[in-house]
Each structure stands twice: as structure tokens, then as C-alpha cells.
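*Asks:*
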Amino acid sequence: MSDLDELCLLFDSELEKVEDGRALDDLRVRFLGKKGLLTQKFKELGALSPADKPARGAELNRVKERLQEALAQRQQALEAGRLSQPTLDLTLPGRRPRLGRRHPLAQVEARVRSIFRSMGFVVETGPEVETAYYNFTALNTPEWHPARDEADTFYLDAERLLRTETSPVQIRVLERGRLPVRMIAPGRVYRKDKPDPSHFPVFHQVEGLYVDHGVTFADLKGTLLAFYRSLFGEETAIRFRPHFFPFTEPSAEVDVTCFLCQGEGCRVCKQSGWLEMGGSGMVDPNVLSGVGIDPEEWSGYAFGLGIERIAMLWYGVDDIRLFWENDLRFLKQF
Ligand code: DAH
Numbered sequence: 004m005s006d007l008d009e010l011c012l013l014f015d016s017e018l019e020k021v022e023d024g025r026a027l028d029d030l031r032v033r034f035l036g037k038k039g040l041l042t043q044k045f046k047e048l049g050a051l052s053p054a055d056k057p058a059r060g061a062e063l064n065r066v067k068e069r070l071q072e073a074l075a076q077r078q079q080a081l082e083a084g085r086l087s088q089p090t091l092d093l094t095l096p097g098r099r100p101r102l103g104r105r106h107p108l109a110q111v112e113a114r115v116r117s118i119f120r121s122m123g124f125v126v127e128t129g130p131e132v133e134t135a136y137y138n139f140t141a142l143n144t145p146e147w148h149p150a151r152d153e154a155d156t157f158y159l160d161a162e163r164l165l166r167t168e169t170s171p172v173q174i175r176v177l178e179r180g181r182l183p184v185r186m187i188a189p190g191r192v193y194r195k196d197k198p199d200p201s202h203f204p205v206f207h208q209v210e211g212l213y214v215d216h217g218v219t220f221a222d223l224k225g226t227l228l229a230f231y232r233s234l235f236g237e238e239t240a241i242r243f244r245p246h247f248f249p250f251t252e253p254s255a256e257v258d259v260t261c262f263l264c265q266g267e268g269c270r271v272c273k274q275s276g277w278l279e280m281g282g283s284g285m286v287d288p289n290v291l292s293g294v295g296i297d298p299e300e301w302s303g304y305a306f307g308l309g310i311e312r313i314a315m316l317w318y319g320v321d322d323i324r325l326f327w328e329n330d331l332r333f334l335k336q337f
């Protein structure tokens, strides 16, 4: 038996054992790779006499072709076998994909947006990094006002800060000088509050602003009443308590009848029958003239509502921090 016959025998017996693509590759390398058994024989050709070389060379080439063909056949057989094997059992019940869902605060905000949109309000946005001018000065909030204090406000430098309310969007929209304006501005606001069940240093508000000829407090009442009835149900009533905000005059806080007990008094409204929802008022003439609008010709109302407040009451969530922890066990409930 020649050395090449032996090599072929060895190859054939090894090929028998090959069960997968990886073993087939190993076999290919072992015989035909750079240092393969057959390759080695080719290398030895150089040492032969010119007379012997051609015959040996032709023989080596024949063997090489034979091995390559056998490898290719085996590969085809392996692939065919793999395809015919059932790797996917179509009779098994499917795995349900885990669906995400909107965050409860996003759901509430979407509802608020859609109610105001249906009443003709457009949605505006403004930057969360604001200047002291937009956040305070233009909103008639004087230098000495405690809201400007570093103890309450995240300042980035002397002039820039994280907005403490959505009210600066009022100024940015009014500045454009296109009246009338009927807009809401939902978004995040920041305050240096220590986290506790009802405080978190970031939360959401929805600002509202309507400026036109002859807007009155009655328009404000009618709009907010329609809004809260749409949100909490047709039996809902609202009341206004006199208050102070630098950018509205007169100003009022808005309460709605507790939607849980319909005003009877319960745990949610702390037996008062009323829930505090936000601030509102008639846009202060100083704010209008500050952006070049004549307060003799135009008037307006504004309001600011807390989204977390609505969401907590609506869903019965008793700790605001839950909205920010992103615990799936919490989020999955909405
Ligand atoms: N910006 C006020 C706050 O964060 C809420 C507010 C009150 C907004 C009265 C208004 C308003 O537009 O008219 O406490």
C-alpha cells in the first residue's frame, strides 16, 4: 500500500465519524490545511528528481480532488440532515411577547392634552434649562421673592437654572407677538425638595394660557370646570380660593370635589370633600406689558396644574416617589 493509499484510508475512516460542521472543518484542516497531512506531501515534492516529479504531482492532485469532493458531499449531507430535523415544534403554545406600556404619568398627561385640545388649545413646549429672566423676572417675580432663593431652585450658574414651573413657556409664546393665544404647555419642572411621599425634586405640570380681547375670570372658571368634568365626571364641581401668584392678579387656587366620595369626605380628600388641583388667575398686566402687549387691549387667564397630583388621586397612589423608581411591579399595574 502506498503512503497515499494509507492517507486515503485514514481520511475515509475519520470522515465516517464526522457528525457536524465543526468536525468536518477540523478534518479539512487536518488533511488540507497549511500544515495538513496531504499538504505536507506536496511540500515534499521539491526534494524529488525532475524525472519523478510529474507522476507524483499528478497523483497528489488526484488525491486532493478526491478528498475535497468527499468533504463537499459530507457537508451537503449534513445540511440536508439538519433541515429535515424538526428544530421548531410548531405544536407548542407560543411565548407571549412582553409588551411595554405607557408610564402612568404619560397616560394622565395624554388625557389632559386631549381634553384641552378638544377645547381649542394648542400644545407648546419650552426648555427645561431656563434663564432667571423667563422663570422669574418676566413672570413679575421680584429679586427678593423667596422662590428665587438658591435653597429652592437648582441654579446652573448666575443666570441659568432648571425651570421651577412651566409658566416661563407663557412668556416664550407671548413674546412671539401673535395673538390671540390659547395654549397648554406640559412638561417637567424642578425644585430642591427633599423626596418624601408627596415631594420629589422633579415633577410635571401643565401650564395653560388664554389671551384675547375681553377674556374674563368667568372664562377661566368655565374652562376649568369643563376640563375637570371631562376628567373626573359630570358631577364634578370646582371652587376657587383667593391666593397670590406674582404673575396673576387676581389669583386663585382651584379645588375640585373629591371624585372618590363626591364631596362627602373620605380618606383621599382628608374629610374635606375637596381636592387641591393647582393655581390660576388673570394674567397680571405687568406680565403682558413686559412682553410688549397692551393690557388695555388684551386680557387673559392662566393656570398651572400638577400631573402627579392628578395621577396620584386618579390611581390611588400614595407615594409620589413610586413614579420615579421605575419598578416594573408598580408600572405593570397601569
Ligand atoms: N406656576 C405656579 C406654581 O408652580 C402654578 C400657577 C399658578 C401657574 C397660577 C399659573 C397660574 O399659570 O396662573 O406653583
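Mapping of the sequence shown onto our numbering: residues 4 to 337, in sequence order.
Glycine included, C-beta positions come from ideal geometry on N, C-alpha and C.
DSSP puts residue 156 in a beta bridge; with which residues?
*Replies:* BP columns for residue 156 are empty, so no partner.
*Asks:* Quick one: grab the DSSP three-state call for residue 296.
*Replies:* Looking at residue 296 - three-state DSSP - the assignment turns out to be coil, as it is neither helix nor strand.
*Asks:* Would you say the beta carbon of residue 141 comes nearer than 7 Å to a heavy atom of ligand 1?
*Replies:* no
*Asks:* Cβ of residue 170 within 8 Å of Cβ of residue 210?
*Replies:* yes
*Asks:* What are the uninterrupted segments assigned as alpha helix (DSSP H) that are 4 or more residues long and contained completely in the stretch 131-177, given in chain order?
*Replies:* 135-138
*Asks:* For residue 277, which three-state DSSP category applies?
*Replies:* strand
*Asks:* Take residue 338 as the anchor and find which of 280, 286, 289, 224 has the nearest alpha-carbon.
*Replies:* Outside the modelled stretch of the chain, which goes from 4 to 337, sits residue 338, for which no answer is possible.
*Asks:* Let me check you understand the geometry: is the CB of residue 254 closer than 7 Å to at least one non-hydrogen atom of ligand 1?
*Replies:* yes
*Asks:* Going by the DSSP bridge assignment, what does residue 26 pair with across the sheet?
*Replies:* When DSSP reads this structure, residue 26 sits in no beta bridge, so it has no partner.
*Asks:* If you drop the 5 nearest sequence neighbours on each side, which residues of the same chain put their C-beta closer than 7 Å to that of residue 18?
*Replies:* 30, 73, 77
*Asks:* Alpha carbon to alpha carbon, what distance is there between residue 294 and residue 155?
*Replies:* 26 Å
*Asks:* I need the boundaries of the alpha helix (DSSP H) containing residue 42, first residue and last residue.
*Replies:* 40-47
*Asks:* Is any non-hydrogen atom of ligand 1 found closer than 7 Å to the C-beta of residue 251, if you look at the structure I gave you?
*Replies:* Yes, since a heavy atom of ligand 1 falls inside the 7 Å radius drawn around the Cβ of residue 251.
*Asks:* By DSSP, does residue 111 sit in helix, in strand, or in coil?
*Replies:* helix
*Asks:* Are residue 116 and residue 126 close, meaning C-beta to C-beta below 8 Å?
*Replies:* Taking 8 Å as the cut-off, the Cβ atoms of residue 116 and residue 126 count as close.
*Asks:* When we look at the beta-carbon of residue 41 and count the other beta-carbons within 10 Å, is it buried (16 or more) or exposed?
*Replies:* buried
*Asks:* Helix, strand or coil for residue 285? Go by DSSP, reduced to three states.
*Replies:* strand
*Asks:* Following the continuous alpha helix (DSSP H) through residue 310, name the residue where it begins and the one where it ends.
*Replies:* 310-318
*Asks:* Could you give the first and the last residue of the continuous alpha helix (DSSP H) run that contains residue 225?
*Replies:* 220-235
*Asks:* Specify the secondary structure class of residue 212 as computed by DSSP and reduced to three states.
*Replies:* strand
*Asks:* Give a yes or no on whether the C-beta atoms belonging to residue 165 and residue 193 are separated by under 8 Å.
*Replies:* yes
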